[in-house]
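Under our numbering, think of the first position of the sequence shown as 1328, with each following residue one higher. Note that CB positions come from ideal geometry on N, CA and C, so glycine has one too. Remember, predicted model here, so these are calculated numbers, not experimental data.
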Amino acid sequence: CKQAVIFARVSSEEQKKGASIDAQIKTVVDYCNNHKFKILEKFSIVESSTNGGRKKFYEMLEFVKQQKHKTAIVVNCVDRLQRGYKECVELDDLRKQGRIEIHFYKESLIITKDSNSSDIMRWDIGVFQLKLMSGR
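Written out as structure tokens, the structure reads:
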């Protein structure tokens, strides 16, 4: 994989005022540079992953689907991408088709078409823990 999109998210305007989004962007840009990814787009958004329709998340996914080559979705950590299983289905379908890789910086986890069951389980457990914490 040679190209990537960056996905940085905070849940509220209050979080946005802090350095949270800027810190996420800096971390994952450095990661992309170290892995020699061409950054196609940076999605920096304020959107709850547990409330609402995730409009910006799906805009990012549509952008990725339009790419001719496999694209890495690079995020700071699992909870910045998702907090529930709804998104897993579409992400996993794209992964199985070899259209995306997902790079979770903090977890040191890369999910690809060829990921083993242990890595897939680490992703699933991360989402499960977040779902429990959100109480949904």
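Where do the ends of the alpha helix (DSSP H) carrying residue i lie?
i     : result
T1354 : S1347 to N1361
E1414 : K1413 to K1423
F1390 : K1382 to K1392
R1407 : V1405 to L1408
From what residue to what residue does the beta strand (DSSP E) around residue i run?
i     : result
R1336 : Q1330 to V1337
F1370 : K1365 to V1373
When you compare only the Cα positions, how much space is there between residue i and residue j?
i     : j     : result
D1406 : R1336 : 9 Å
I1372 : N1443 : 31 Å
G1380 : M1448 : 26 Å
I1366 : R1426 : 16 Å
E1389 : D1419 : 15 Å
A1331 : Q1393 : 13 Å
I1352 : Y1385 : 19 Å
For residue i, is the classification buried or exposed, using 16 other Cβ atoms within 10 angstroms of its Cβ as the cut-off for buried?
i     : result
N1361 : exposed
H1396 : exposed
G1453 : buried
Q1424 : exposed
Q1409 : buried
V1402 : buried
A1399 : buried
Handout entry: 4-residue-minimum alpha helix (DSSP H) runs that sit fully inside the stretch 1429-1461, ordered along the chain
Key = 1444-1461
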